[in-house]
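In what follows, a single structure is set out as structure tokens and then discussed.
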Amino acid sequence: MCSAVRDRPAPYADAVPDPPLVLGIETSCDETGIGIVRGTTLLADAVASSVEEHARFGGVVPEVASRAHLEAMVPTVHRALDTAGVTLGDLDAVAVTAGPGLAGALLVGVAAAKAYSLALDLPLYGVNHLAAHVAVDVLEHGPLPEPCLAMLVSGGHSSLLLVEDVTATMSPLGATVDDAAGEAFDKVARLLGLGFPGGPAVDRLAKGGDRQAISFPRSMMRDDSYDVSFSGLKTAVARWVEARQAAGEHVPVADVCASFQEAVVDVLTGKAVRACRDQGIGTLLLGGGVAANSRLRSLAEQRCAAAGIALRVPRPGLCTDNGAMVAALGARLVAAGAAPSPLDLPADSAMDVRVVVSA
Amino acid sequence: MLVLGLDTSSPAVSAALVDLDSGRSVAESVVVDGRRHGELLAVGVRAVLAGTGRGELRAVVVGLGPGPFTGLRVGLVTAAALADALDLPVYGVCSLDAMVPEELADPAPGVTVVADARRREVYWASYALGRCVEGPAVGRSGELADHLRSLTPPPVLVGAGALLYREAFGGLSVLDEPQHPRANRLVRLAAERIRSGEASDPLTPLYLRRPDAAPPGVPKRVTA
Ligand SMILES: [Zn+2]
């Protein structure tokens, strides 16, 4: 497809340049994600997950994740190429998550991206995972109004960001001061014996529960900052459940799930909407694995509609970690003429959110 | 016939381009820095490939370890992706094999290669007449020393692990070099398989240890 266009006579080739075809590699946690994007068009989004290997440990084991990334890398790249109907020789650039994330896991993706870039003589972009969560939405909902506000919530991060230009400038407005939102879901699920990962199970059970049944605390809800905290909430849920158990009473699991989930999404959406108002921003974007939560999506819709804020939420498969988001950001960077990263690019487990692409 | 070799199983981040017809190393890059495999390897590969067309390469060879996991994986995924992108066969060789001295006194004694496995342990393998006869395995240096001293004649030791725990290996003779595997040696060890056009290896790392992880117990109570 790409080569056919390039084979056209020169005037046409110059007049109609192909949008860049970018391979995106994501290995910051337990998903080996390989995406292929042409411009703003998603061609393939292949994911190999090691989540089942982590389930019996009750959380992601970094060494297990890193081993799985190594095994999955080349086969997943080929699954993506086959789906996209392109070959490695058609690619224009390689993008990879350089951080933040699990150091050993990131390193597998970064090393693979370097090898593909070196062997195929392609520019390499080591990108910020959080910026990629923002950029992915253009694949589904078109150009992103900038500036916009992004709330990224997962097992690894809970951040509120002001996005002035996703290829260059993002500023942190707030973050969790203790547990990430997804971590709180995992811990409460474990307490209730629901297994790992906790988010989907809590979401499912909450549908049959009463979200007003138990009044769990909303930490930091009323302070001036845009920070959030979930450690106290998790402890409050544990105390409530233990008190019932100690009294030999039945634990209403669905009500606990619904009430806990309500406390989390109440704080998250409350802070995000207030930040939009304070900053005079008309668009809120959600991303990260917790953005797949059905109650977070519906409450955000309701509150944004009431406040006159446009809400953008990628479909659940694009909210969780994936390679398409990295490819989407890579394609934006190529189009913006951003300088590629050097071949000695490090994997940076604590990469600063203000750095979109490693220099 | 040009072959690219890589090894990241030790602090020596090693890349080499070897001409299998002459047996000569065309280019070699070795940087000893056990914390920056990910930053150094691709740069080393680019350096040894400078001036050589990618199309002239015939195979990629990589050290499978054993070695510290994080660094080891950098070499393996790099080899796998390079071979994939260039459509080349890729072969794995036990990294310890590359430290067996090529020339030893005659009659040659047995050789035990000892690498640092951190956590006060060593990776090791024993060789006789150029073949691996025991290992690769991981264990405490003191226990390995007792085992090796019980052999007649005792083997000669080589590798950074033997130098690091020289005291534990007291009474056994330890060579000063080589300390780490080198990629050019790995390529020569795979020469026969490359020439005969064997199929690619699956590149399974020699971890020799399970991941550190235990299933969780009952959640801790927050109330007394
Ligand atoms: Zn994420």
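Just so you know, the protein sequences line up as chains A and B, in that order. Heads up: the first sequence is residues 753 to 1111, going by our numbering. Heads up: the second sequence is residues 73 to 296, going by our numbering. Glycine included, each C-beta is placed from N, C-alpha and C at the ideal position.
Do the region 1062-1077 of chain A and the region 881-892 of chain A touch if we need at least three Cβ pairs shorter than 8 Å? yes
With DSSP run on the structure shown, which of helix, strand or coil describes Ile-266 (chain B)? helix
Cα-Cα separation between Leu-275 (chain B) and Glu-823 (chain A), rounded to whole angstroms: 9 Å
So, with DSSP's three-state summary, where would you put Val-980 (chain A)? strand
Near Ser-755 (chain A), which residues of its chain fall below 6 Å by C-beta distance, leaving aside the five closest residues on each side in sequence? Bear in mind that the predicted position of Ser-755 (chain A) carries a pLDDT of just 41, short of 50, making it too unreliable to give a figure here.
Just by C-beta distance, which residues in the region 248-262 of chain B are closer than 8 Å to chain A? none
Three-state secondary structure (DSSP) of Val-838 (chain A): coil
Own chain, CB closer than 6 Å to Val-813 (chain A), minus 5 neighbours either side, in chain order: His-806
Contacts that Thr-150 (chain B) makes with chain A (C-beta to C-beta distance below 8 Å): Ala-863, Ala-864, Lys-866 and Ala-867
Could you pull out every residue in the same chain whose Cβ sits closer than 6 Å to the Cβ of Thr-1021 (chain A), ignoring the five residues on either side in sequence? Leu-1051, Ala-1052 and Arg-1055
Give me, in chain order, the residues of the same chain whose beta-carbon lies closer than 6 Å to that of Pro-897 (chain A); leave out the 5 immediate sequence neighbours on both sides. Thr-1035
Scan the region 1023-1073 of chain A and note each continuous beta strand (DSSP E) run of 3 residues or more that stays entirely inside, going in chain order. 1035-1039 and 1062-1064
Could you tell me the boundaries of the beta strand (DSSP E) in which Val-85 (chain B) lies? 84-91
Quick one: grab the DSSP three-state call for Gly-1082 (chain A). helix
How many Å lie between Arg-192 (chain B) and Ser-213 (chain B) at the Cα? 8 Å
Would you kindly work out how many angstroms separate the C-alpha atoms of Thr-828 (chain A) and Leu-773 (chain A), rounded to a whole number? 17 Å
Under 9 Å (Cβ pairs) to chain A, residues found in the region 90-116 of chain B: Arg-108, His-109, Gly-110, Glu-111, Leu-112, Leu-113, Ala-114 and Val-115
Output yes or no for whether 8 Å exceeds the beta carbon distance between Ala-88 (chain B) and Arg-254 (chain B). yes
Among all the DSSP beta bridges, which residues are the ones paired with Ala-99 (chain B)? B:Leu-89
8 Å is my cut-off, CB to CB: does Arg-1106 (chain A) come that close to chain B? no
Glu-916 (chain A) to Arg-1106 (chain A), Cα distance in whole Å? 11 Å
Taking CB distances under 8 Å as the criterion, tell me whether Ala-197 (chain B) reaches chain A. no
Can you tell which of A:Leu-794, A:Val-799 and A:Thr-792 has the C-alpha that lies nearest to the C-alpha of Thr-779 (chain A)? A:Val-799
Asp-1073 (chain A): CB within 7 Å of a non-hydrogen atom of ligand 1: yes
Integer Cβ distance of Ser-818 (chain A) from Ala-857 (chain A), believed to fall under 8 Å: 5 Å
Checking contacts by CB at 8 Å: is Arg-831 (chain A) closer than that to chain B? no
Going by beta carbon distance, what residues of the same chain come within less than 6 Å of Leu-1081 (chain A), once the five residues before and after it are set aside? Val-879, Ala-883, Ala-884 and Ala-887
So, are the CB atoms of Leu-144 (chain B) and Pro-287 (chain B) less than 8 Å apart? no
Residues of the region 1085-1107 of chain A with Cβ closer than 8 Å to any Cβ of chain B, in chain order: Leu-1095, Asp-1096, Leu-1097, Pro-1098 and Ala-1099
Could you check whether the Cβ of Thr-124 (chain B) sits closer than 8 Å to any Cβ belonging to chain A? no
So is Cys-754 (chain A) in contact with chain B if we call contact Cβ pairs under 8 Å? At Cys-754 (chain A) the pLDDT is 42, less than 50, meaning the model places this residue with poor confidence; the figure from the coordinates comes in the next sentence. False, the Cβ-Cβ gap to chain B never drops below 8 Å.
Mind checking whether the beta-carbon of His-821 (chain A) lies closer than 7 Å to any heavy atom of ligand 1? no
Check whether the Cβ atoms of Val-103 (chain B) and Leu-78 (chain B) lie closer than 8 Å to each other. no
Would the C-beta of Ser-906 (chain A) count as close to ligand 1, meaning under 7 Å from any of its heavy atoms? yes
Exposure of Thr-295 (chain B), with buried meaning 16 or more beta-carbon neighbours within 10 Å: exposed
Thr-1137 (chain A) (DSSP reduced to helix, strand or coil): The structure shown does not extend to residue 1137 (chain A), since chain A is modelled only from 753 through 1111, so no value can be given for it.
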